[in-house]
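A.B. asks: One structure, as structure tokens, below. Some questions next.
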Amino acid sequence: SDDNHKFNLALESGDRDSASGKSMQMWADLIREKSDGRMKVNIFYQGELGGQQELFDQLVKGNIDMMLTWPQTSYDERLGVNYIPYLTLGWDDALKAYGEGGWLKEIFGPLYKDIGLKYFGPYPEGFGGVATKGKYATSYDQAVEQGLKVRSAPVFPLPQTVQAMGFQAVPIDWNEVYTSIQTGVVDGDSSNVIYWDYEYFRDQLDYYVHTKHNFSSYALLMNDDTWEELDAFDQAIIEDAAQQVINKQFVDAKIEDEKWIKKAQEAGMQYIEPSAEDMQVWVKKVREEVWPIAEESLGKEIMDEIRANASVPK
Amino acid sequence: MGALLAIGAVIVLMMVGVPVVYSFAAMTLVLSIVYDVDVSSLMTTGFWSVNSIILLALPLFVMTGYLMQAGGMASRLVHFVESLVGKSRTGMGSSMVMACGVFGAISGTASAAVASIGTIMIGPMEKHGYKREYTSALLGISSLLGLLIPPSLTMILYAVVTRQSVAACFLATIGPGILLIIMLCLLNWIKMRNAPGEVVKMTFKERTDLISKNFWKAMPALMLPVIILGGIYGGVFTPTEAAAIAVVYAIPVGLFVYRELSFKDLARCLVSAAATTGVIMVILVFSFVSSRIFTFERVPQELTELLMETFQNKILILLVVNIFLILLGMIMDDVSVVAIISPLLLPVMVNIGVDPIQFAAIVGTSVVIGCNSPPMAPILFMTCRIGKVGMSQVMKPALFFMFFAALPVMLVTTYWPPLALYLPKLFGYL
Amino acid sequence: MFSLNSLIGLIDKILTMIVIPVVVVLSIAIASMLAWGIFSRSLLNAPVFGLEELVLISAMWLYMLGAVLAAKDRSHLTADFVSVIFKNEKLIAGFAILATTISIVMALYFVSWSYELMAWSLKKAQITPVFKLPWYISQSSLFVGSLALVFYLIRDFIKDCQKFINV
Ligand code: NA
Ligand code: NA
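Chains as they are written, first to last, in our numbering: chain A, 1 to 314; chain B, 1001 to 1430; chain C, 2001 to 2167.
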């Protein structure tokens, strides 16, 4: 192939120096090298080209070619699979489910294809937790007792999950979270890996309870029309490069998460892991309350798949 | 090149008399042709950019402005400040400045202050030896305190387009706002201390009685800034929510406490507010789309490199940016300057080590000048109308206040960072 | 010309009759929904999810209908260069026609761009996360609003021409 291509790649979150920023640079570099400079990727970082809904629309329309993003459920609610709580309970399970040939990956590909996107795979960050200021909860009862209010992204079923865990989920725009914690509108943030709470709110937050209710992963995507216009040779270059980035991230994410836990501790944030018993109560409660609601939007077929494959609490 | 062509098109069209909103639509059109942008992307960007909870504070604060005007809050505030500062000859001018400041703590715009304070004060001040053109010019600058003392539409807009914290931007302009109050009162004292005209003399007792009487009358209105600012910085709600509370508070106060607002007035206020915001929002749609194309084509980076290579010196670049803002302020309205220019210049500022929050204050102080400098001088036009004086008469005193008050405030804000950054630091935003 | 003027007057009347009550209701609805959200969150300890979906849909319509009202009153922000520089009435009226013509062209572009947005949202039927409301409810506001803008510009164009003939 000797066609020249120029692609625009957007990150929904993460700047040039973030882990995801560097990973996208790696993807871009690999594509350029392997195509001998025929294919160039122009990267735009967090917020440069707008918010997540705008970017996702532009990706589906083909005005942006590639993107690293949280799955948006506005086109197809079934993409909410990504946010189903307590699907996997530890890194090993997560690797098996999301990795190459994993059961979750098999579910995602066709769903994205339906809305006009090519899915290369997940870009995992790790397990989410609940970060708070002043007080914290390691169990359902504690959360209810303390009346903890935490910010939750309005993505189904994250708020429902946090509620089922005993917290009050408050919807707040990411840009307003800092002020809201500072002024006490909420007590903290939920469902993020520690990196975000450390990087953005470390001077506000005192505790990070690793509830692990969600496995936070982005999706590596490309507009399907743009993809189909490429010949097989160029497609292989892009796909192989994406696979390298993803494989590397599966190794790095866990190390990265541990690194930020340590950094947060050094900065004075208390990192807390709930006891096995408390976790069991949470897992049971959340699965009982949230999964049936999830079935309404995901459909029985996908939920059956999930029930058959989800990790069993020890 | 495409960027120059587009901005040139805007200026030419505005000169011909095309409304700002369609001049901006033309900018979007030129950019989309020059850079071969897919038309399906344009309104996707336009829609998602204004579909923002943070930006929603803007229409709500505009509503508050109209409601305090029609609902009797404005006049109570003015009378309270008047009795506080006194009816001495120089005191009248200072009252006007301070009233604008107090007004600013409720309203997000300058126009509400011009309309209500102008109507109440310009006539009486004439009796005390103030020339109408002088008072109108003073009001033109003072009313812009509405943008410097939070809440402020300009700062909300700046925060949205540059992705900064609204609460922090609000704090950044308080210092410059207070400085402007001091400068204006000082200039007024210099100008008016020997002027002829009758002076009201009051005994101490008469004075304190008047103050306390007017204070209680103004009480429900004075609660509003406490609710808004106390609410935001005391952690009860976000700026948008504060704006909503202000509206929900102002309606019953006007209807049932001051009883100056009829249901018909209420409807008229809401309709006027919607029209004012509607104009701004459609301008914003095109500003955001054009801005996005600039970003896509890496125009801000090119501009940064160009400025850095040409001037290579922080002071010099700041001076260029100051002049640039003043010139643009002459030909463009405040919304356009903030929405189009701040995202273009912010990378330059960050590059030379100016904090984005300080730049918010710099832009804010430049708007004070821009709104009063013709040909595009919406606030000065308005004060002329309210003060019943001609543009040519008002120009001399207006230039006096701009040159000796507004410009120095802008320069101090630019070259002495603590003026803007002290409060945001104190409140932990930096 | 008379019948055209009366037709325009009729459309204007109908538009105003619809737009003004809607604008009043939307304004009050937005403020009260937000206030209710704060009340519910801080006093009842029950944050309302999805409120911002309803608020933003109302806001988009409020913005566009507000712009229509401004167009009706011809109160769009305009720089006043021409009448400052020139004193010849005929020339000033000529510039007004030119400005309105350019505005009409731009407004028509706005209509076509907004149509793109609406057509897409009708085709894809995207929904909001909480209440699952289709996005075309708010995305169609731009198209509807821009159409009304064109209508008022055509009215202005006719007025400008009449003025040009009469001065
Ligand atoms: Na203000
Ligand atoms: Na100006």
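Yeah, the Cβ is synthetic: ideal placement off N, Cα and C, and Gly gets one too.
Mind pulling the alpha helix (DSSP H) runs of 4 or more residues that sit fully within the region 1063 to 1105 of chain B?
C.D. replies: For the region 1063 to 1105 of chain B, whole alpha helix (DSSP H) runs of length 4 or above, ordered along the chain, are 1073 to 1085, 1089 to 1104.
A.B. asks: Among B:Leu-1013, B:Ile-1156, B:Val-1236, B:Met-1121, which has the Cα closest to the Cα of C:Ile-2102?
C.D. replies: With distances taken between Cα atoms, C:Ile-2102 lies closest to B:Leu-1013.
A.B. asks: Go ahead and pull the three-state DSSP assignment for B:Pro-1176.
C.D. replies: Helix, per DSSP.
A.B. asks: For the region 50 to 64 of chain A, enumerate the residues whose C-beta is nearer than 8 Å to any C-beta of chain B, in chain order.
C.D. replies: Cβ contacts with chain B come from Gly-50, Gly-51, Gln-53, Glu-54, Asp-57, Gln-58, Lys-61, Gly-62, Asn-63.
A.B. asks: Kindly examine ligand 1 and report whether one of its heavy atoms sits closer than 7 Å to the Cβ of B:Leu-1147.
C.D. replies: B:Leu-1147 Cβ: within cutoff of ligand 1.
A.B. asks: Look up A:His-213 in the DSSP assignment and give the residues it is bridged to.
C.D. replies: A:His-213 pairs with nothing; no bridge assigned.
A.B. asks: Is the closest heavy atom of ligand 3 to the C-beta of B:Pro-1124 under 7 Å?
C.D. replies: This structure lacks ligand 3; the ligands present are ligand 1 and ligand 2.
A.B. asks: Note down the Cα distance separating B:Ser-1287 from B:Tyr-1429, rounded to an integer number of angstroms.
C.D. replies: Taking the straight line from one Cα to the other gives about 28 Å.
A.B. asks: For A:Leu-93, which of A:Met-303, A:Lys-254, A:Ile-272 has the nearest alpha-carbon?
C.D. replies: One detail in the question is off: residue 93 of chain A reads as Asp in this sequence, not Leu. When each option's Cα is compared against that of A:Asp-93, the closest is A:Lys-254.
A.B. asks: Taking only three categories from DSSP, how would you classify A:Phe-127?
C.D. replies: A:Phe-127 falls in the strand class under three-state DSSP.
A.B. asks: When the Cα atoms are used, what is the spatial distance from A:Gly-81 to B:Thr-1064?
C.D. replies: Checking the displayed sequence, the identity of residue 81 of chain A turns out to be Val instead of Gly. Going from the Cα of A:Val-81 to the Cα of B:Thr-1064 covers about 44 Å.
A.B. asks: With a threshold of 6 Å on Cβ separation, who are the neighbours of B:Met-1330 within its own chain once the five nearest residues in sequence on each side are excluded?
C.D. replies: Closer than 6 Å at the Cβ level, and outside the excluded window around B:Met-1330, lie Ser-1373.
A.B. asks: Do we get a CB-CB distance below 8 Å when we pair B:Thr-1044 with the residues of chain A?
C.D. replies: Closer than 8 Å to some Cβ of chain A, the Cβ of B:Thr-1044 qualifies, so yes.
A.B. asks: From B:Leu-1058 to B:Arg-1132, what distance separates their C-alpha atoms?
C.D. replies: So the two alpha carbons sit approximately 32 Å from each other.
A.B. asks: For A:Ala-169, name the three-state secondary structure that DSSP assigns.
C.D. replies: If DSSP states are grouped into helix, strand and coil, A:Ala-169 belongs with the strands.
A.B. asks: From this set, B:Phe-1263, B:Ile-1245, B:Ile-1122, which residue's C-alpha is nearest B:Glu-1082's C-alpha?
C.D. replies: When each option's Cα is compared against that of B:Glu-1082, the closest is B:Ile-1122.
A.B. asks: Under 7 Å: does the beta carbon of A:Ser-216 sit that close to some heavy atom of ligand 1?
C.D. replies: No - ligand 1 has no heavy atom lying nearer than 7 Å to the Cβ of A:Ser-216.
A.B. asks: Consult DSSP for C:Ser-2141 and reduce its assignment to one of helix, strand or coil.
C.D. replies: In this structure, C:Ser-2141 counts as helix in the three-state DSSP scheme.
A.B. asks: Give me the residue from A:Met-39, A:Thr-69, A:Glu-295 with the minimum Cα distance to A:Gln-52.
C.D. replies: When each option's Cα is compared against that of A:Gln-52, the closest is A:Thr-69.
A.B. asks: Quick one: which chain C residues come within Cβ less than 9 Å of A:Thr-73?
C.D. replies: Ordered by position in chain C, the residues that pass the 9 Å Cβ test against A:Thr-73 are Ile-2127, Pro-2129.
A.B. asks: Quick one: give me the first and last residue of the alpha helix (DSSP H) that A:Asp-197 is part of.
C.D. replies: Residues 194 to 201.
A.B. asks: Under the three-state reduction of DSSP, which class applies to B:Val-1337: helix, strand or coil?
C.D. replies: Note: B:Val-1337 maps to helix in three-state DSSP.
A.B. asks: For A:Glu-12, is the classification buried or exposed, using 16 other Cβ atoms within 10 angstroms of its Cβ as the cut-off for buried?
C.D. replies: The residue in question, A:Glu-12, is buried, as its Cβ has 16 or more Cβ neighbours within 10 Å.
A.B. asks: In or out: B:Phe-1204 buried (at least 16 other Cβ within 10 Å) or exposed?
C.D. replies: With fewer than 16 Cβ atoms within 10 Å of its Cβ, B:Phe-1204 is classed as exposed.
A.B. asks: Please list, in chain order, the chain C residues whose beta carbon lies closer than 7 Å to that of A:Val-155.
C.D. replies: Pro-2129, listed in chain order.
A.B. asks: If contacts are defined as beta-carbon pairs under 8 Å, then B:Phe-1294 and B:Leu-1344 qualify, I think. What distance do you get, rounded to the angstrom?
C.D. replies: The pair is a contact, with the Cβ atoms about 6 Å apart (cut-off 8 Å).
A.B. asks: Should the region 1023 to 1031 of chain B be called in touch with the region 2033 to 2052 of chain C, which here means at least 3 C-beta pairs below 8 Å?
C.D. replies: Contact fails: fewer than three Cβ-Cβ distances are below 8 Å.
A.B. asks: Hey, quick one: how far does the alpha helix (DSSP H) through A:Gln-270 stretch, first residue to last?
C.D. replies: Where A:Gln-270 is concerned, there is no enclosing alpha helix (DSSP H), although the beta strand (DSSP E) it sits in stretches over 270 to 272.
A.B. asks: Tell me whether B:Ala-1105 counts as near ligand 1, meaning its Cβ is closer than 7 Å to at least one heavy atom of that ligand.
C.D. replies: Answer for B:Ala-1105: yes, Cβ within range of ligand 1.
A.B. asks: Evaluate the contact criterion for the region 1336 to 1354 of chain B versus the region 1134 to 1150 of chain B: three or more CB pairs, one atom per stretch, below 8 Å.
C.D. replies: No, the region 1336 to 1354 of chain B does not touch the region 1134 to 1150 of chain B.
A.B. asks: Give me the Cα-Cα distance between C:Ala-2099 and C:Asp-2160, rounded to the nearest whole angstrom.
C.D. replies: Straight-line Cα distance between these residues: approximately 10 Å.
A.B. asks: List, from N- to C-terminal side, the alpha helix (DSSP H) runs of 4 residues or more that fit wholly inside the region 85 to 149 of chain A.
C.D. replies: Runs of the alpha helix (DSSP H) inside the region 85 to 149 of chain A: 91 to 98, 103 to 114, 140 to 146.
A.B. asks: Shorter than 8 Å from the beta carbon of B:Arg-1207 to some beta carbon of chain A?
C.D. replies: Not an interface residue.
A.B. asks: Within the chosen definition, does the region 1167 to 1176 of chain B reach the region 1228 to 1240 of chain B through at least 3 CB pairs nearer than 8 Å?
C.D. replies: Result yes; three or more Cβ-Cβ pairs closer than 8 Å.
A.B. asks: Strictly under 8 Å for the Cβ-Cβ distance: is B:Met-1014 near chain C by that measure?
C.D. replies: B:Met-1014 counts as touching chain C.
A.B. asks: Answer with yes or no whether the minimum CB distance from B:Ile-1379 to chain C is below 8 Å.
C.D. replies: Not an interface residue.
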